[in-house]
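There are 2 protein chains.
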Amino acid sequence: MTSALIDSLRKGNRLALSRILSQVENGTETGMAALEELFLETGNAQKIGITGPPGSGKSTLVNALARELRQRQPDKKVAIIAVDPSSPFTGGAVLGDRVRMLDLEVDKQIFIRSMASRGALGGLAEQTEALSQVFDAAGYDFILIETVGAGQSEVDVVNLAHTTIVVDTPGTGDDIQSIKAGILEIADILVVNKADRPGVDQSVSYLRNMIEMGYARSINNGKHHLQDFHEDTVNEPAPAGWIPPILKTIAYEYQGIKELTDAILAHAAHLRQSGQWHAKDQASIRANIRRQLITSLLSDFNQKVPTNLLDSLIEKAQKRAISPNEAVRVLLTYNRIISLESSE
Amino acid sequence: MTSALIDSLRKGNRLALSRILSQVENGTETGMAALEELFLETGNAQKIGITGPPGSGKSTLVNALARELRQRQPDKKVAIIAVDPSSPFTGGAVLGDRVRMLDLEVDKQIFIRSMASRGALGGLAEQTEALSQVFDAAGYDFILIETVGAGQSEVDVVNLAHTTIVVDTPGTGDDIQSIKAGILEIADILVVNKADRPGVDQSVSYLRNMIEMGYARSINNGKHHLQDFHEDTVNEPAPAGWIPPILKTIAYEYQGIKELTDAILAHAAHLRQSGQWHAKDQASIRANIRRQLITSLLSDFNQKVPTNLLDSLIEKAQKRAISPNEAVRVLLTYNRIISLESSE
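As you go down the protein sequences, you meet chains A and B in turn.
Just so you know, this note's numbering puts 677 at position 230 of the first sequence, and the rest follows in order with no gaps.
Just so you know, this note's numbering puts 506 at position 59 of the second sequence, and the rest follows in order with no gaps.
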């Protein structure tokens, strides 16, 4: 039954895709089996993370990007994963936005999936990666992943993307802190959205300063001057590293979307040429293996070491009679002895 | 030498404390040994997490709280850990703030420590916990931990606190999203700071709604009406659970600080009476043991399994010849065989 479902997915059946996504998201046995099989068909899609503070217009930007990518390359498919409970894609925002997003669903080569981050915060990146793999195997060429704000889970989610777009809006003072250094560090492309608002130039020069101070990705590798993506002001050989361009958009009016799409495609080309696409893929496989190993080793350990031993050690540590380190040493010794006995 | 340093710390020597904090933060062998020894002297301090968006005045609030706690209980000591690169405690903000914060350092029973979150994002909670343990063992009764914004690392950091204070400022529309559901869920006390600004009542009623919708901690346990901390409007027996009070403050003018301090002390009493203090301590010890176990098991595994086997499996997975799951199965089988051989 699973393989019939997977076959349907391969043939482009949206219902089959939707069902497998749910099985994977819920971590069912069927879902995990499907994921393992589908993994062998992944590796093509460009994962694009879009992140920024609430109110920066990320969803409208994602919406416009999906249209532009489809218009430009009509044979390619676009998936949207909204990892944000307040995203219009998730139905969390005002009705007008929601309706606007629904327009996309008319295009059968666009698939929108929202993920509830509540309750699964810890494994959000892992879940997003799994859903991306399903889309990738299902032949989706671009996977737009929309996440909110700053913070570790955001960083984790966008770290698995090939291309990370950080969105901000014009503003000064307090607002300027809304993009934190932690998230700027992982930006491949910076966008000042709502560029018809006052303060746009300050925002651009703020971001430029941040990049010059070395906050953005790869800037430490390239010993080059800063340049805008569409400005050709620097008479030097093309940089070996990627210099994050700063782009102005008015997503609502579709302004700057073509330039942003250019930058996204250029970044993919850069990743492939520089070998970073391959390196990123390797890193994500390595992390995946590590995660599974930890799960297996811990479950093996739990089977061998009785619960009451662990509980009594925790109790001793709570009374400050032993340290957690001492408890770990006892557990490891016990495990070693048991393993020796069982292998005799 | 280490034990001499630890003895100095026990005697209240601030330089010794500072040195051990650095050793612990850098994860040196000396630091880890000190931490293990000092753990046996922990368990007294109330850890208080203060979190909220940039510009909410967290630092000024922490500053005022430290003063108030010291004035009220002159025999008790206060530590401040600023986990925020843009905090005035870290020197990241405007000079005026920084100078104001420095006032505190005149009081020798207050110790301020800032932590750079950059570069160590993943283990931020772990590091904060370790520093807290050092302060706890050094006889600090209150540990104020200031962190920025929302996100997983913030949630992790405040999760280790006994009492979590979420700070926001008056505002409507976009601003209201600045406190996200994820962080509200872990609030024990809600503070609307800068309460002299317009929109304060909307903010309070927004937060009240969020709490009524079940977004805040323990509210699901207590089947009680919502009540303000300092209002006695409900003629019912005292709730078994804790209902997060919503307090208005103007930290800069020291307004509402006494009430906030009351709430903090009341929350500590509640935690002790309800057994939650004990449960929290247990959970943190359990997590600590789990973390150390994972490190040990992985390092043991790495010693047994040759790097080139892992590398060749990753390469096969990268060519989509095998799945990461298959790679893990091969690694575990290899590990089992090697373990059997070595024990013969």
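Even glycine gets a Cβ: it sits at the ideal position worked out from N, Cα and C.
Counting contacts by CB-CB distance shorter than 7 Å, is residue i in contact with chain B?
i: Asp728 of chain A; result: yes
i: Leu508 of chain A; result: no
i: Leu779 of chain A; result: yes
i: Pro753 of chain A; result: no
i: Asn640 of chain A; result: no
Where does residue i fall in DSSP's three states?
i: Glu515 of chain B; result: helix
i: Asp603 of chain A; result: helix
i: Val775 of chain B; result: helix
i: Asp393 of chain A; result: Nothing in the structure corresponds to residue 393 of chain A, since chain A is present only between 448 and 791.
i: Gly538 of chain B; result: The predicted model places Gly538 of chain B with a pLDDT of 48, which falls under 50 and marks its position as unreliable, so this point remains unresolved.
i: Leu796 of chain A; result: Within the shown structure, residues of chain A are numbered from 448 to 791, placing residue 796 of chain A beyond reach of any answer.
i: Thr610 of chain B; result: strand
i: Lys727 of chain A; result: helix
i: Ile761 of chain B; result: helix
i: Asn749 of chain A; result: helix
i: Ser743 of chain B; result: helix
i: Pro767 of chain B; result: The amino acid at residue 767 of chain B is misidentified as Pro; the sequence shows Arg. The answer is coil: DSSP assigns Arg767 of chain B none of H, G, I, E or B.
i: Ala585 of chain B; result: coil
i: Lys505 of chain A; result: helix
i: Leu787 of chain B; result: helix
i: Leu462 of chain A; result: helix
i: Leu487 of chain A; result: coil
i: Glu573 of chain A; result: helix
Would you check if the distance between the CB atom of residue i and the CB atom of residue j is smaller than 7 Å?
i: Asn640 of chain B; j: Ala572 of chain B; result: no
i: Lys523 of chain A; j: Gly586 of chain A; result: no
i: Thr498 of chain A; j: Thr594 of chain A; result: yes
i: Ile528 of chain A; j: Leu578 of chain A; result: yes
i: Phe486 of chain A; j: Ala526 of chain A; result: no
i: Leu779 of chain A; j: Ser789 of chain B; result: no
i: Val471 of chain B; j: Leu591 of chain B; result: no
i: Leu637 of chain B; j: Ile704 of chain B; result: no
i: Val651 of chain A; j: Ile633 of chain A; result: no
i: Ile741 of chain A; j: Ala608 of chain A; result: no
i: Phe589 of chain A; j: Leu707 of chain A; result: no
i: Ile761 of chain B; j: Arg733 of chain A; result: yes
i: Gly490 of chain A; j: Arg767 of chain B; result: yes
Residue i CB to nearest chain C CB: under 7 Å?
i: Glu573 of chain B; result: This model lacks chain C altogether; the protein chains it does include are A and B.
Within a Cβ cutoff of 7 Å, which residues of the same chain sit near residue i, ignoring the five residues on either side of it in sequence?
i: Glu488 of chain B; result: Ala584
i: Ser503 of chain A; result: Val614, Asp615, Thr616 and Asn640
i: Glu764 of chain B; result: Looking at the sequence itself, residue 764 of chain B is Ala, so the reference to Glu does not match. Excluding positions up to five away in sequence, the list reads Ser770, Pro771 and Ala774.
i: Gln797 of chain A; result: Because chain A here runs from 448 to 791, residue 797 of chain A falls outside it and cannot be looked at.
i: Val530 of chain B; result: Met562, Ser564, Leu571, Thr575, Ile592, Glu593, Thr594 and Val604
i: Ser455 of chain A; result: Ala463
Is the shortest distance between the beta-carbon of residue i and the beta-carbons of chain A less than 7 Å?
i: Ala492 of chain B; result: no
i: Phe486 of chain B; result: yes
i: Arg413 of chain B; result: The structure shown does not extend to residue 413 of chain B, since chain B is modelled only from 448 to 791, so the question has no answer here.
i: Ile658 of chain B; result: no
i: Glu483 of chain B; result: yes
i: Ser631 of chain B; result: Note that residue 631 of chain B is Leu in the sequence shown, not Ser. So, not an interface residue.
i: Asn741 of chain B; result: What sits at residue 741 of chain B in the sequence shown is Ile, not Asn. Cβ-Cβ to chain A under 7 Å: yes for Ile741 of chain B.
i: Ala774 of chain B; result: yes
i: Gly539 of chain B; result: With a pLDDT of only 45 at Gly539 of chain B, under 50, the local geometry of the prediction cannot be trusted, and the value read off the model is given with reservation. Closer than 7 Å: no.
i: Ser579 of chain B; result: no
i: Ile761 of chain B; result: yes
i: Arg466 of chain B; result: no
i: Ile590 of chain B; result: no
i: Ile785 of chain B; result: no
i: Ile453 of chain B; result: no
i: Leu456 of chain B; result: no
i: Gln765 of chain B; result: yes
i: Ile736 of chain B; result: yes
i: Leu744 of chain B; result: yes
i: Pro771 of chain B; result: yes
Per DSSP, residue i forms a beta bridge with which residues?
i: Glu593 of chain A; result: A:Ile497 and A:Ala529
i: Phe558 of chain B; result: B:Ala526
i: Gln702 of chain B; result: B:Ile697
Excluding five sequence neighbours on each side, which residues of the same chain lie with their C-beta closer than 6 Å to the C-beta of residue i?
i: Lys751 of chain B; result: Asn782 and Ile785
i: Thr619 of chain A; result: With a pLDDT of 46 at Thr619 of chain A, under the threshold of 50, the modelled position of that residue is not reliable, and no figure is offered here.
i: Thr507 of chain A; result: Ala698 and Tyr699
i: Phe676 of chain B; result: Unreliable placement is indicated for Phe676 of chain B, whose pLDDT of 30 sits below 50; no coordinate value is reported for it.
With a CB to CB cut of under 8 Å and the five nearest residues on each side skipped, what residues in its chain are close to residue i?
i: Thr610 of chain B; result: Gln493, Lys494, Ile495, Gly496, Asp635, Ile636, Ile711, His714, Ala715 and Leu718
i: Ile453 of chain A; result: Ala463, Ile467, Ala481, Glu484 and Leu485
i: Asp728 of chain B; result: Gly490
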